[in-house]
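*Asks:* My structure is below; once you've seen it, I'll send some questions.
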Amino acid sequence: TTATLVITINGNTDGGPTVTIPDSNAGSAGDMTVAETATATANSFMVTAPAGLASITVGGTNVTLAQLNALGGTPITITTGKGSLVLTGYNASTGVVSYTYDPSVQSANSDVTDSVTVAVTDALGATNNDSLDILITDSKPVAVGDINNITEDAVPNTVTGNV
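Every position in the sequence shown, counted from 1, becomes a number in the numbering used here once 64 is added.
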(Lines of atoms letter the chains of each structure in order from A and count residues from 1; the text may use other names and numbers.)
(Lines give C-alpha, C1' and ligand atoms only; values in the text may rest on other atoms or scores of the structure.)
Protein backbone atom coordinates (compact mmCIF):
# COMPACT_ATOMS: atom_id res chain seq x y z
CA THR A 1 0.00 0.00 0.00
CA THR A 2 1.00 3.61 -0.48
CA ALA A 3 0.65 6.34 2.11
CA THR A 4 0.80 10.07 1.53
CA LEU A 5 2.52 12.25 4.07
CA VAL A 6 1.46 15.90 4.10
CA ILE A 7 3.74 18.34 5.89
CA THR A 8 2.41 21.80 6.63
CA ILE A 9 4.84 24.49 7.69
CA ASN A 10 3.28 27.41 9.48
CA GLY A 11 5.44 30.51 9.49
CA ASN A 12 6.43 32.13 12.73
CA THR A 13 7.76 35.63 13.06
CA ASP A 14 10.52 35.88 15.62
CA GLY A 15 10.48 38.88 17.89
CA GLY A 16 7.80 41.31 18.86
CA PRO A 17 7.34 44.96 18.03
CA THR A 18 9.86 47.56 19.22
CA VAL A 19 10.03 51.30 19.77
CA THR A 20 13.45 52.98 19.52
CA ILE A 21 13.71 56.55 20.77
CA PRO A 22 17.18 58.01 20.13
CA ASP A 23 18.92 60.10 22.77
CA SER A 24 19.53 63.26 20.77
CA ASN A 25 20.62 65.60 23.55
CA ALA A 26 24.08 64.16 24.27
CA GLY A 27 23.89 63.10 27.87
CA SER A 28 21.42 65.61 29.27
CA ALA A 29 18.30 64.32 30.98
CA GLY A 30 15.62 63.06 28.60
CA ASP A 31 15.79 62.15 24.92
CA MET A 32 15.73 65.66 23.42
CA THR A 33 16.09 69.19 24.77
CA VAL A 34 14.11 72.28 23.81
CA ALA A 35 14.07 75.75 25.36
CA GLU A 36 10.75 76.86 26.83
CA THR A 37 10.76 79.75 24.34
CA ALA A 38 11.58 77.54 21.34
CA THR A 39 9.41 77.10 18.29
CA ALA A 40 8.64 73.64 16.91
CA THR A 41 11.72 71.39 16.97
CA ALA A 42 11.96 68.37 14.63
CA ASN A 43 13.03 64.87 15.65
CA SER A 44 12.08 61.21 15.04
CA PHE A 45 11.74 57.75 16.57
CA MET A 46 11.59 54.28 15.02
CA VAL A 47 9.04 51.48 15.30
CA THR A 48 9.41 47.89 14.08
CA ALA A 49 6.89 45.07 13.91
CA PRO A 50 8.18 41.88 12.24
CA ALA A 51 4.65 40.41 12.26
CA GLY A 52 3.28 43.54 10.57
CA LEU A 53 2.48 46.95 12.00
CA ALA A 54 -1.11 47.51 13.13
CA SER A 55 -0.87 50.86 14.93
CA ILE A 56 1.08 53.11 17.25
CA THR A 57 -0.20 55.05 20.23
CA VAL A 58 1.46 58.37 21.09
CA GLY A 59 0.47 60.19 24.26
CA GLY A 60 -2.78 58.23 24.39
CA THR A 61 -3.70 58.95 20.75
CA ASN A 62 -4.08 55.82 18.62
CA VAL A 63 -2.70 56.14 15.08
CA THR A 64 -3.56 53.39 12.59
CA LEU A 65 -1.24 52.17 9.85
CA ALA A 66 -3.36 54.03 7.28
CA GLN A 67 -3.02 57.25 9.29
CA LEU A 68 0.75 56.70 9.62
CA ASN A 69 1.07 56.30 5.86
CA ALA A 70 -0.91 59.53 5.32
CA LEU A 71 1.08 61.69 7.80
CA GLY A 72 2.93 63.52 5.02
CA GLY A 73 -0.35 65.14 3.92
CA THR A 74 -2.35 64.83 7.12
CA PRO A 75 -0.22 65.44 10.22
CA ILE A 76 -1.65 64.44 13.61
CA THR A 77 -1.36 66.83 16.57
CA ILE A 78 -1.12 65.42 20.08
CA THR A 79 -1.48 67.86 22.96
CA THR A 80 0.62 66.86 25.94
CA GLY A 81 0.66 68.38 29.40
CA LYS A 82 3.50 70.69 28.44
CA GLY A 83 3.39 71.15 24.67
CA SER A 84 2.26 69.93 21.27
CA LEU A 85 3.75 66.96 19.47
CA VAL A 86 2.88 66.81 15.76
CA LEU A 87 3.45 63.56 13.86
CA THR A 88 4.61 64.76 10.42
CA GLY A 89 5.83 61.71 8.49
CA TYR A 90 6.33 57.95 8.38
CA ASN A 91 8.77 55.91 6.28
CA ALA A 92 7.32 52.40 5.97
CA SER A 93 10.60 50.87 4.79
CA THR A 94 12.65 52.15 7.76
CA GLY A 95 9.93 52.49 10.41
CA VAL A 96 10.99 56.08 11.15
CA VAL A 97 8.23 58.34 12.46
CA SER A 98 9.01 62.07 12.16
CA TYR A 99 7.56 64.66 14.51
CA THR A 100 7.91 68.21 15.77
CA TYR A 101 7.57 69.29 19.38
CA ASP A 102 6.58 72.79 20.48
CA PRO A 103 6.64 73.51 24.23
CA SER A 104 3.78 75.52 25.71
CA VAL A 105 4.91 75.58 29.33
CA GLN A 106 6.70 78.46 30.98
CA SER A 107 8.57 76.87 33.86
CA ALA A 108 9.21 78.83 37.03
CA ASN A 109 13.00 79.00 37.29
CA SER A 110 13.60 75.31 36.63
CA ASP A 111 13.76 72.78 33.83
CA VAL A 112 10.80 70.42 33.36
CA THR A 113 10.35 67.15 31.48
CA ASP A 114 7.41 66.24 29.24
CA SER A 115 7.13 62.44 29.13
CA VAL A 116 5.09 61.01 26.25
CA THR A 117 4.43 57.27 26.04
CA VAL A 118 4.94 55.75 22.58
CA ALA A 119 3.54 52.24 22.02
CA VAL A 120 3.57 50.00 18.95
CA THR A 121 1.11 47.17 18.30
CA ASP A 122 1.74 44.48 15.69
CA ALA A 123 -0.74 42.53 13.56
CA LEU A 124 -0.82 39.73 16.15
CA GLY A 125 -1.77 42.11 18.97
CA ALA A 126 1.64 42.15 20.68
CA THR A 127 2.58 45.55 22.12
CA ASN A 128 5.77 47.26 23.24
CA ASN A 129 6.30 50.81 24.50
CA ASP A 130 8.87 53.38 25.54
CA SER A 131 8.80 56.91 26.89
CA LEU A 132 9.79 59.94 24.82
CA ASP A 133 11.18 62.31 27.44
CA ILE A 134 11.55 65.92 26.32
CA LEU A 135 13.61 68.20 28.56
CA ILE A 136 12.22 71.74 28.46
CA THR A 137 14.89 74.15 29.69
CA ASP A 138 14.08 77.31 31.59
CA SER A 139 15.01 80.49 29.71
CA LYS A 140 16.54 82.44 32.55
CA PRO A 141 16.58 86.22 32.21
CA VAL A 142 19.94 87.87 31.66
CA ALA A 143 20.66 91.23 33.29
CA VAL A 144 22.81 93.70 31.41
CA GLY A 145 24.18 97.04 32.56
CA ASP A 146 22.28 100.02 31.16
CA ILE A 147 24.10 103.29 30.59
CA ASN A 148 22.30 106.62 30.49
CA ASN A 149 23.40 110.23 30.73
CA ILE A 150 21.79 113.42 31.93
CA THR A 151 23.06 116.93 31.57
CA GLU A 152 22.90 119.04 34.69
CA ASP A 153 20.17 121.67 34.58
CA ALA A 154 18.89 120.26 31.27
CA VAL A 155 15.20 120.34 30.46
CA PRO A 156 13.76 117.79 30.74
CA ASN A 157 15.98 116.30 33.41
CA THR A 158 14.69 112.72 33.53
CA VAL A 159 16.38 109.48 32.70
CA THR A 160 14.56 106.25 31.95
CA GLY A 161 15.81 102.72 31.73
CA ASN A 162 15.06 99.08 32.34
CA VAL A 163 16.65 97.33 35.29
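All residues carry an ideal CB built from backbone N, CA and C; glycine is no exception.
For the 8 angstroms Cβ check, are there 3 or more pairs between the stretch 74-93 and the stretch 135-154?
*Replies:* With a cut-off of 8 angstroms, the stretch 135-154 and the stretch 74-93 do not count as touching, because too few Cβ pairs lie within range.
*Asks:* Could you please give the first and the last residue of the uninterrupted beta strand (DSSP E) stretch that includes Ala-99?
*Replies:* Counting along the chain, the beta strand (DSSP E) containing Ala-99 begins and ends at 96-99.
*Asks:* Where does Ala-183 fall in DSSP's three states?
*Replies:* Strand.
*Asks:* Classify Ala-106 as helix, strand or coil using the three-state DSSP reduction.
*Replies:* Residue state, collapsed to three classes: strand.
*Asks:* Whose C-alpha, out of Thr-185, Thr-72, Asn-221, Glu-216, is nearest the C-alpha of Val-111?
*Replies:* Nearest C-alpha to Val-111: Thr-185.
*Asks:* Please report the distance separating the alpha-carbon of Thr-101 from that of Ala-134.
*Replies:* So the two alpha carbons sit approximately 30 angstroms from each other.
*Asks:* Does DSSP put Ala-130 in a helix, in a strand, or in coil?
*Replies:* The answer is helix: DSSP assigns Ala-130 an H, G or I state.
*Asks:* Which value, in whole angstroms, describes the spacing of the CA atoms of Ser-203 and Gln-170?
*Replies:* Cα-Cα distance, rounded: 9 angstroms.
*Asks:* Establish whether the CB of Leu-129 and some CB of chain C are separated by less than 9 angstroms.
*Replies:* The displayed structure is made up of one protein chain only, and chain C is not part of it.
*Asks:* Between Val-70 and Pro-81, what straight-line distance do the alpha-carbon atoms span, to the nearest angstrom?
*Replies:* Straight-line Cα distance between these residues: approximately 33 angstroms.
*Asks:* Quick one: is Asn-126 buried, meaning 16 or more other Cβ sit within 10 Å of its Cβ, or exposed?
*Replies:* Asn-126 comes out exposed.
*Asks:* Apart from the five residues on each side of it in sequence, which residues of its chain come closer than 6 angstroms, Cβ to Cβ, to Ala-106?
*Replies:* Counting only Cβ-Cβ distances below 6 angstroms, and skipping sequence neighbours, we find Thr-164.
*Asks:* How would you label Gly-189, buried or exposed, when you count the other beta carbons within 10 angstroms and need 16 or more for buried?
*Replies:* The residue in question, Gly-189, is exposed, as its Cβ has fewer than 16 Cβ neighbours within 10 Å.
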